[in-house]
Structures are given as C-alpha cells and as structure tokens.
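Q: Take this structure, written in structure tokens, and hold onto it; I'll ask about it next.
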Amino acid sequence: MDIDATSEAVPEPHPQFFLPNGDLVLHVERTLFKLSKDALCDVSHVIKDLVNEAESASPEIRAEHYEHEGNTKLTLAGDKEREWTEICSLLFGNNNYYRTMLGPLPWRDITKAVDVAAPILRVSFKYKMRNVRLDVIDVLKQLIPSETFAVLMTLNLRNEYFPCDRRTPRQLVLLCHEVNLRRFMPWAYYECARSAAGEIVHFKDLDGETRAAILAGRDIVLQMQRQQIYKSFTFGFLPDTQCETPNGCVMSRDGQAKFDLLLSRGVGPLILIDAERLNDPALCSKCLARAKREVRDGQRRLWDNLPNMFGLENWQALRETD
Numbered sequence: 006m007d008i009d010a011t012s013e014a015v016p017e018p019h020p021q022f023f024l025p026n027g028d029l030v031l032h033v034e035r036t037l038f039k040l041s042k043d044a045l046c047d048v049s050h051v052i053k054d055l056v057n058e059a060e061s062a063s064p065e066i067r068a069e070h071y072e073h074e075g076n077t078k079l080t081l082a083g084d085k086e087r088e089w090t091e092i093c094s095l096l097f098g099n100n101n102y103y104r105t106m107l108g109p110l111p112w113r114d115i116t117k118a119v120d121v122a123a124p125i126l127r128v129s130f131k132y133k134m135r136n137v138r139l140d141v142i143d144v145l146k147q148l149i150p151s152e153t154f155a156v157l158m159t160l161n162l163r164n165e166y167f168p169c170d171r172r173t174p175r176q177l178v179l180l181c182h183e184v185n186l187r188r189f190m191p192w193a194y195y196e197c198a199r200s201a202a203g204e205i206v207h208f209k210d211l212d213g214e215t216r217a218a219i220l221a222g223r224d225i226v227l228q229m230q231r232q233q234i235y236k237s238f239t240f241g242f243l244p245d246t247q248c249e250t251p252n253g254c255v256m257s258r259d260g261q262a263k264f265d266l267l268l269s270r271g272v273g274p275l276i277l278i279d280a281e282r283l284n285d286p287a288l289c290s291k292c293l294a295r296a297k298r299e300v301r302d303g304q305r306r307l308w309d310n311l312p313n314m315f316g317l318e319n320w321q322a323l324r325e326t327d
C-alpha cells in the first residue's frame with residue numbers, strides 16, 4: 006500500500022477528530038486525524054500492519070516519514086478526508102450515528118443512507134474492518150430489500166417503499182462493484198431497469214457491460230411479470246372453484262384498467278406493491294382472494310429469480326459475499 010505524501014501543502018488538524026489523547030496520526034489529503042492507535046488496530050489488521058511497519062523503521066526514516074510530534078504517523082494515499090470523517094464519526098462519535106444514517110421514522114431515505122454508507126464501506130473494505138462493514142450492511146438491510154419475499158413485503162408495507170432519487174440505484178451499482186457488496190445488486194439493477202430503455206442506454210456513469218445486463222434483465226422482468234402476475238387480473242383470469250357468482254365472475258373493464266395503470270409505470274412496481282391494494286367490485290370475495298393470492302405468488306417467484314434475470318448469482322450466494 007502506497008503511503009507516500011499526498012500533498013505538499015501543510016496539513017491541518019481535523020476540527021473534530023484530532024483527539025488530545027490520540028497516539029496515531031493519519032495524514033489524509035490535507036487533513037490530520039489524531040486517533041487511538043489501539044482502537045484502530047483492533048478494528049483493522051491492515052492499519053495494525055502499517056503501524057508495525059512504521060514503528061519498525063530506522064530512526065532516521067521514522068523521523069522523516071512516520072512521526073508527528075512524537076506520535077506514529079501514517080500517510081494514506083488515495084483516501085478521502087470525507088471518508089475518514091465518516092468512519093471516525095462511527096468509531097469515535099456519538100451513539101446515535103446509525104439513527105442519523107437511517108433518518109427519522111417513518112420517512113427514511115435510501116439516497117441519504119447510501120450517501121453516508123458509501124465512504125464507510127470504502128474504508129472498511131480497503132482496511133478490512135469487517136465488523137464495521139457488517140454493521141453498515143445491517144443498517145442498509147433495513148432500507149434496501151435483499152432478503153426473502155416476506156421481508157421485502159414487510160419493509161414495503163411498513164414504510165410504503167423508501168424514497169430515493171433516480172441516480173441512487175446507479176450509484177449503488179457502482180458501490181457494490183467497488184466494495185464487493187453483491188447482496189444489494191438485484192434491487193439496484195431492478196430499480197435501474199424501471200427506467201425506459203432509451204434512458205438506460207445513456208447511463209454513462211455505468212459501463213457498457215452493466216448497461217447491457219440491465220437492458221437484458223429489463224426484458225426478462227417484463228416478460229416474467231406478464232406471465233406470473235398480469236394474468237391474474239387480466240387475460241387468463243379464471244373464477245375460483247368456490248365462486249359465489251352463479252355464472253362465474255368476470256373481471257370488469259374497470260378492474261383491468263386499474264391493473265393496466267399499475268403495469269404501465271415503467272417495469273414495476275408489481276414486485277413491490279401490496280396485493281391488497283388490488284380490487285375489483287365485479288369479483289366475489291372468493292375470486293378476488295384467489296386473484297390476490299396469485300399476484301402474491303407471482304411476485305414471490307419474480308423476487309426469488311430476480312438475480313438470475315440480471316445475470317447474477319442466486320440470493321443466498323449474493324448474501325454470502327458480505
């Protein structure tokens with residue numbers, strides 16, 4: 006790892022994380038962090054190895070490169086001041102850090118959480134801070150679907166689907182590749198695929214291979230959505246065997262139109278909607294219950310196969326990369 010100087014400018018102490026009782030100085034860009042050596046070495050064996058290398062250097066080299074006012078100093082080339090500010094906020098800040106990252110209930114924001122999590126995940130991945138990484142993943146799991154369909158719907162029903170701006174899924178795709186965080190890729194790909202094909206082609210922040218995977222997956226999702234879900238409320242509808250209508254229920258045009266409206270919203274959101282929102286007064290209670298049940302079953306099949314639609318491993322394999 007390159008630990009040469011990152012800047013010829015005189016670095017300034019961080020206003021919050023230049024701790025009086027610290028004994029390890031980190032030079033990141035034009036900022037100095039003074040932190041607890043033991044605390045950092047406990048969470049990162051990479052930092053521990055760098056400290057050992059610095060402290061075993063000859064007195065001349067140590068004095069020139071690895072000391073700051075009598076404390077061990079590491080110069081971390083390539084790192085960002087903001088990244089270390091966030092990681093220090095987590096390790097040495099207040100106990101409400103994760104609550105701040107999630108945002109207040111009931112309105113939690115995926116965009117904000119990803120923006121805060123990204124620098125922490127980059128540092129924890131680079132310096133092998135496994136426990137920090139797992140803690141951040143646990144927070145993101147409360148916002149970004151990556152578990153079973155039952156968990157997905159619990160998140161959706163409790164929060165009516167968390168908001169995020171249109172760039173966040175693409176940012177998450179890039180972050181997942183950068184830090185090998187694959188469990189959130191299917192959701193990120195799916196959210197990207199909800200854009201029109203013409204827009205996806207112009208996602209210049211994603212490479213050509215990723216855009217191609219999203220476009221191919223989009224076509225598969227559309228096809229599977231029609232086969233697994235659309236038929237329950239439109240073509241292919243069959244009355245329940247215990248139908249309460251003498252000649253059998255028939256889906257009304259109004260019911261079909263409402264379902265068509267849901268389907269017309271990009272690729273989704275049929276994997277994510279609550280089937281209880283679907284209704285048609287022309288159907289008896291038995292037929293309506295059957296239609297909703299078939300919608301949920303179709304949603305579950307789509308969710309279970311979503312990674313494969315985008316050329317990814319299955320859910321279990323993706324979660325094991327944590």
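For reference, each letter of the sequence shown is one residue, going 6 to 327 in the numbering used here. Note that the Cβ used here is the ideal one computed from N, Cα and C, for glycine as well. Please read all numbers here as calculations on a predicted model, not as lab measurements.
(1) Report yes if the C-beta distance between K53 and C46 is below 8 Å; otherwise report no.
(2) By the three-class DSSP mapping on this structure, what secondary structure does K209 have?
(3) Does DSSP put S12 in a helix, a strand or coil?
(4) Can you look up L5 in the DSSP assignment and give me helix, strand or coil?
(5) Only counting the same chain, and skipping five residues up and downstream in sequence, which positions put a Cβ closer than 8 Å to that of E318?
(6) Give every residue of the same chain whose Cβ lies closer than 8 Å to the Cβ of L110, excluding the five residues on either side of it in the sequence, and list them in chain order.
(7) For the beta strand (DSSP E) containing Q21, name the first residue and the last one.
(8) Report the option in V119, I115, E204 whose CA atom is closest to the CA atom of E91.
(9) Give me the Cα-Cα distance between W89 and I125, rounded to the nearest whole angstrom.
(10) Are H32 and L79 close, meaning C-beta to C-beta below 8 Å?
(11) Below 8 Å CB to CB, which residues in the same chain sit around V206 once its five sequence neighbours on both sides are set aside?
(12) So, with DSSP's three-state summary, where would you put T153?
(13) Do C181 and F189 count as a contact pair if the criterion is CB distance below 8 Å?
A: According to the structure data:
(1) Here residue 53 corresponds to residue number 48 of the sequence shown, with the count starting at 1. Here residue 46 corresponds to residue number 41 of the sequence shown, with the count starting at 1. In this structure, the beta-carbon distance from K53 to C46 falls below 8 Å.
(2) Here residue 209 refers to the residue found at position 204 when the sequence shown is read from its first residue. Reduced to three states, the DSSP call for K209 is coil.
(3) Counting from 1 along the sequence shown, the entry for residue 12 is found at position 7. Residue placement at S12 cannot be trusted, given a pLDDT of 44 that sits under 50; what the coordinates show is reported in the next sentence. When secondary structure is reduced to three states using DSSP, S12 falls in the coil class, being assigned neither helix nor strand.
(4) Shown here, the chain extends from 6 to 327; a query on residue 5 therefore has no answer.
(5) Taking the first residue of the sequence shown as 1, we reach residue 318 at position 313. So the list reads R187, P312, once near-sequence residues are dropped.
(6) Start at 1 with the first residue of the sequence shown, and residue 110 comes out as number 105. Only weak support exists for where L110 lies, its pLDDT of 47 falling under 50; the coordinates are left without a value.
(7) Position 16 of the sequence shown, counted from the start, is the residue given in the question as residue 21. Start and end: 17-23.
(8) As a first step, residue 91 must be located in the sequence shown, where it is residue number 86. If we check each option's Cα against that of E91, V119 comes out closest.
(9) Taking the sequence shown and counting its residues from 1, one reaches residue 89 at position 84. Taking the sequence shown and counting its residues from 1, one reaches residue 125 at position 120. Each residue's alpha carbon lies about 8 Å from the other.
(10) On the sequence shown, residue 32 is found 27 positions in, with the first residue counted as 1. On the sequence shown, residue 79 is found 74 positions in, with the first residue counted as 1. For H32 and L79, yes; Cβs fall inside 8 Å.
(11) The residue you call residue 206 lines up with position 201 of the sequence shown. The residues are R216, L220.
(12) The residue given as residue 153 occupies position 148 in the sequence shown. Secondary structure at T153: coil, using DSSP grouped into helix, strand and coil.
(13) One-based indexing of the sequence shown puts residue 189 at position 184. One-based indexing of the sequence shown puts residue 181 at position 176. Closer than 8 Å, so yes.
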